[in-house]
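Report on the following structure.
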Amino acid sequence: ASKRQTIIVEDVRLHDNYISCDATALSEIVVPMVKNDQLLGVLDLDSRLVADYDTIDQEYLEQFVALLVEKTDWNFAMFGEKR
């Protein structure tokens, strides 16, 4: 996410920087959520299958995230955060 690019990890067991939040996950796709050049968060999907995500998944998830970012009021002040 720090590079603000979607990352597809075909096999998380072989990825050096993978941080597991689900012991059964074998592959992952991470789509950054960016608005006004600010990283708001990420959409992080895990799968129990190796190489379960591809460029078609990436294309549609990036479109979904773009719509989500555009249509959501990102009022972080309600969480006590200043952005």
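With the first letter of the sequence shown counted as 1, position 32 gets the number 32 in our numbering; the numbers rise by one all the way through. Glycine included, each C-beta is placed from N, C-alpha and C at the ideal position.
query: Within the same chain, show all residues whose beta-carbon is closer than 6 Å to that of serine 128, passing over the 5 residues directly before and after it, in chain order.; result: Summary: the structure shown does not reach residue 128, with the chain confined to residues 1 through 83, and so no result is reported for it.
query: Name the residue from Asn36, Tyr18, Thr55 whose alpha carbon lies nearest to the alpha carbon of tryptophan 74.; result: Asn36
query: Shortest alpha-carbon distance to valine 84 belongs to which of Met78, Tyr60, Leu67?; result: Within the shown structure, residues of the chain are numbered from 1 to 83, placing residue 84 beyond reach of any answer.
query: Looking at the unbroken beta strand (DSSP E) that takes in valine 30, where does it start and where does it end?; result: 27 to 35
query: Counting along the chain, where does the alpha helix (DSSP H) carrying leucine 61 start and finish?; result: 55 to 71
query: What's the call for valine 85, buried or exposed, on a 16-neighbour Cβ count within 10 Å?; result: Any property of residue 85 remains undetermined from this structure, which presents the chain solely from 1 to 83.
query: Does the distance from the C-beta atom of glutamate 62 to that of valine 42 stay below 8 Å?; result: no
query: For aspartate 44, which beta-bridge partners are listed by DSSP?; result: Val30
query: Which residues mark the beginning and the end of the beta strand (DSSP E) in which valine 12 is found?; result: No beta strand (DSSP E) holds valine 12; DSSP gives it neither H nor E.
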